[in-house]
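All letters in the sequence shown, in the order written, are residues 11 to 528 by my numbering. Just so it is clear, CB atoms sit at the ideal spot from N, CA and C, and this is done for glycine as well. To start, the structure under review is shown below, and the notes come after it.
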Amino acid sequence: MSGGLPEVARIVDEALAVYADDAAAVEVLESFRGRLREPLRLAVAGIVKAGKSTLLNALIGERIAPTDAGECTRTITWYRYGATARVDLRMHDGRRISRPVRRDEGRLVLDMGGYTAEEVAWIDVAWPSESLRSTVLIDTPGIASLTTENSARSTDFFIPKDTPTAADAIIYLLRHVHAEDLKFLEAFRDTAAGESQTVNALAALSRADEIGSGRIDSLLSAAKIADRYRRDGELRSLALDVVPVAGLLAEGGRTLRESEFIALRHIAMMDRAARDRLLLTVDRFIRATDDTALSVDIRRGLLRRFGLFGVRLAAALIRGGATTSSALSDRLVQQSGLTEVQRFVEDQFRGRAFALKARGILHSVERLVRERPRPHTAELLSAIERLTAQSHDLRELSLMAELRTSPPALDADTLAEAERIVGGGGLAPARRLGLGDDADPAAQRERIDGLLTHWRSIAESPLTDRHTAELCRGVVRSVEGAASDLFGSGSDAASTSELGSGIPGGAASDVVLSRGPA
Numbered sequence: 011m012s013g014g015l016p017e018v019a020r021i022v023d024e025a026l027a028v029y030a031d032d033a034a035a036v037e038v039l040e041s042f043r044g045r046l047r048e049p050l051r052l053a054v055a056g057i058v059k060a061g062k063s064t065l066l067n068a069l070i071g072e073r074i075a076p077t078d079a080g081e082c083t084r085t086i087t088w089y090r091y092g093a094t095a096r097v098d099l100r101m102h103d104g105r106r107i108s109r110p111v112r113r114d115e116g117r118l119v120l121d122m123g124g125y126t127a128e129e130v131a132w133i134d135v136a137w138p139s140e141s142l143r144s145t146v147l148i149d150t151p152g153i154a155s156l157t158t159e160n161s162a163r164s165t166d167f168f169i170p171k172d173t174p175t176a177a178d179a180i181i182y183l184l185r186h187v188h189a190e191d192l193k194f195l196e197a198f199r200d201t202a203a204g205e206s207q208t209v210n211a212l213a214a215l216s217r218a219d220e221i222g223s224g225r226i227d228s229l230l231s232a233a234k235i236a237d238r239y240r241r242d243g244e245l246r247s248l249a250l251d252v253v254p255v256a257g258l259l260a261e262g263g264r265t266l267r268e269s270e271f272i273a274l275r276h277i278a279m280m281d282r283a284a285r286d287r288l289l290l291t292v293d294r295f296i297r298a299t300d301d302t303a304l305s306v307d308i309r310r311g312l313l314r315r316f317g318l319f320g321v322r323l324a325a326a327l328i329r330g331g332a333t334t335s336s337a338l339s340d341r342l343v344q345q346s347g348l349t350e351v352q353r354f355v356e357d358q359f360r361g362r363a364f365a366l367k368a369r370g371i372l373h374s375v376e377r378l379v380r381e382r383p384r385p386h387t388a389e390l391l392s393a394i395e396r397l398t399a400q401s402h403d404l405r406e407l408s409l410m411a412e413l414r415t416s417p418p419a420l421d422a423d424t425l426a427e428a429e430r431i432v433g434g435g436g437l438a439p440a441r442r443l444g445l446g447d448d449a450d451p452a453a454q455r456e457r458i459d460g461l462l463t464h465w466r467s468i469a470e471s472p473l474t475d476r477h478t479a480e481l482c483r484g485v486v487r488s489v490e491g492a493a494s495d496l497f498g499s500g501s502d503a504a505s506t507s508e509l510g511s512g513i514p515g516g517a518a519s520d521v522v523l524s525r526g527p528a
């Protein structure tokens, strides 16, 4: 283990020793030990029919999350990596009931064996997918469901009363910004894990292909709407970014079968007038008999898998040069917005996975100690305070949230630069500095010197208020951290001690939590 992982684990172990006679506390603290060893826990949330399970299938690359209405879609389901496939029902009374692994036309069938959603705490699915090696994915029932019990399961999972939420981060799917969406995101932000606020939530504008009534340019329209939401003050304070995604297109692209490609190629190669008539409406596509030799069953299957927009787009892509199933698969995924979601998860969530975990765990241990003090808990509080103060990664989470929720007295361009430097656009040093990946060391040093001079001057100005000055000092530490990542302390580089000399306790002395494994 490296970075701050052993420090957090040691604090949890010391808390276990202090509360050894408290069964409830031991259970929670033991769960923290397991959580530190796990990959990032990423939950998918949203209102009913937002496309959660479809997006989850696209992220995994297999059709294993059920998308039809049934008992299993009313239950929280965890998908984690396993060498062999396994499905277990985890009951409220602690029992683990194994269920058979069965597939139907490529889709995993989650058979609950007659148990109801009320009897099952969650479903645990182990699956040999490479996508699950670095991320545990959690599917949840719809928020604002017509069935109160369904909504309550998701609400209790994300916003528990007495324990931190089990999710390290969430992708929240929305079709429009409704009051229910904002209410949920606000509540999630205020939970223990939500102390990291906007840094652990991504808003996805889902079913983006439907925004333009299925037109080929629908995704362009969705991108404009997402950009407007991204700049919206209310949503901006609740989610780090807004990304449009067409989940059905993404799932279809990642799980495209050769037989489907052949059918789509047949449509693409049709006479233009006949193809246009066939693709005019859903009803026409299903009922037409003269324009195509494809059976009604095949056409219905294409609609279920890709939607009319997906069929239109696939035909256009094939005519544009996607002459194999693998080429079409790649282009569908690229067009769907899934690549942007995956890039965001990699850059922001997995890149900060351990810091996100550590923040929630340390906050929970601190709350336990303050609410139920024991002998020697003062030492625990001191250790938590010391680790939090020394870790720039933890401070940076707070800094990014404050830039969103309590912005300092800076102009729009300077504020945007601050967000970029603290990792709002990605954690790579070059991206923080606003440089291309091909920038040479001289250009990197010049940019670092310029940024340090600029942000120190704001922090030290007598006209700068205390709140803004403190945030600016945090930005300086992030610049120093980027310098350290680029140059270290080698003789070839501008030394970190020189770069950080103007601010005591610079990045070189910080505990870097995000370096540890998730």
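Between which two residues does the alpha helix (DSSP H) holding residue i run?
| i | result |
| --- | --- |
| I21 | L15 to V28 |
| I272 | E268 to A278 |
| G257 | G257 to R264 |
| G44 | A33 to R47 |
| P451 | P451 to E470 |
| R90 | Run containing R90: none in the alpha helix (DSSP H); it sits in the beta strand (DSSP E), T87 to Y91. |
| S108 | First-last for S108: R106 to R109, but that is the beta strand (DSSP E), not the alpha helix (DSSP H). |
| L496 | R476 to F497 |
| V99 | Checking the displayed sequence, the identity of residue 99 turns out to be Leu instead of Val. Segment R96 to M101 is the beta strand (DSSP E) holding L99; no alpha helix (DSSP H) there. |
| L118 | Careful: L118 lies outside any alpha helix (DSSP H), inside the beta strand (DSSP E) at R117 to V119. |
Check whether the Cβ atoms of residue i and residue j sit closer than 8 Å, and answer yes or no.
| i | j | result |
| --- | --- | --- |
| G56 | G257 | no |
| R310 | I296 | yes |
| T85 | I133 | yes |
| P170 | L215 | no |
| A19 | V375 | no |
| I458 | A493 | yes |
| A428 | L413 | yes |
| V432 | L404 | no |
| I180 | A211 | yes |
| Y91 | L15 | no |
| D227 | L366 | no |
| I107 | Y89 | no |
Give me the Cα-Cα distance between residue i and residue j, rounded to the nearest whole angstrom.
| i | j | result |
| --- | --- | --- |
| T175 | F364 | 15 Å |
| L120 | E140 | 21 Å |
| L65 | A33 | 38 Å |
| G512 | L407 | Any reading at G512 must be qualified, since the residue scores a pLDDT of 37, below 50, and its modelled position is unreliable; the value itself is stated next. Whole-angstrom Cα-Cα distance: 23 Å. |
| A249 | A213 | 6 Å |
| R100 | R294 | 46 Å |
| S206 | F168 | Because S206 sits at a pLDDT of 41, beneath the cut-off of 50, its placement in the model cannot be relied upon, and the point is left open. |
| Q454 | A440 | 8 Å |
| V97 | R73 | 15 Å |
| G116 | A326 | 26 Å |
| L195 | P110 | 36 Å |
| L304 | V130 | 43 Å |
| S401 | G361 | 15 Å |
| F532 | A68 | Residue 532 falls outside the range modelled here, since the chain spans only 11 to 528, and no answer is possible. |
| T333 | A273 | 13 Å |
| L192 | A127 | 27 Å |
| V58 | T87 | 16 Å |
| V146 | Q352 | 14 Å |
| V135 | G460 | 51 Å |
| S63 | D23 | 37 Å |
| D448 | G436 | 16 Å |
| V233 | V489 | Per the sequence presented here, residue 233 reads as Ala, with Val not at that position. In a straight line, the C-alpha of A233 is about 31 Å away from that of V489. |
| S501 | A393 | Its pLDDT being 34, under 50, S501 is placed unreliably by the model, and the measurement read from it follows with that caveat. Spanning the two alpha carbons is a distance of roughly 35 Å. |
| V343 | L473 | 50 Å |
| G152 | S164 | 7 Å |
Going by DSSP, what residue range makes up the beta strand (DSSP E) through residue i?
| i | result |
| --- | --- |
| V135 | V130 to W137 |
| L289 | Premise fails: L289 is in no beta strand (DSSP E) and is neither H nor E. |
| D149 | T145 to D149 |
| A214 | A211 to L215 |
Within 8 Å (strictly less), CB to CB, does residue i reach chain B?
| i | result |
| --- | --- |
| W465 | The structure shown has no chain B; it contains just one protein chain. |
ask   = Are there three or more Cβ pairs, one per stretch, closer than 8 Å when the segment 180-189 is compared with the segment 40-48?
value = no
Contained alpha helix (DSSP H) runs [length at least 4] in the segment 411-438, N- to C-terminal order = Runs of the alpha helix (DSSP H) inside the segment 411-438: 422-431.
ask   = Are three or more beta carbon pairs between the segment 454-473 and the segment 482-501 nearer than 8 Å?
value = yes
ask   = In chain order, which continuous runs of the alpha helix (DSSP H) of length 4 or greater are located wholly inside the segment 329-396?
value = Whole alpha helix (DSSP H) segments, 4+ residues: 335-346, 348-354 and 363-381.
query = Can you find at least 3 beta carbon pairs, one from the segment 257-274 and one from the segment 301-321, that sit closer than 8 Å?
reply = yes
task = Kindly confirm or deny that the segment 276-283 and the segment 223-243 touch, where touching means at least three C-beta pairs closer than 8 Å.
result = no
query = Are the segment 318-336 and the segment 33-47 in contact at 8 Å, needing three or more beta carbon pairs?
reply = In short, these stretches do not touch, since the Cβ pair count stays below three.
inquiry  = Within 8 Å, do at least three Cβ pairs link the segment 437-446 to the segment 408-419?
reply    = Put simply, the segment 408-419 does not touch the segment 437-446. Fewer than three CB pairs are less than 8 Å apart.
task = Go through the segment 46-79 residue by residue and report every complete run of the alpha helix (DSSP H) that reaches 4 residues or more, in order.
result = 62-70
Secondary structure, alpha helix (DSSP H): runs of 4+ residues fully inside the segment 173-202 = 189-199
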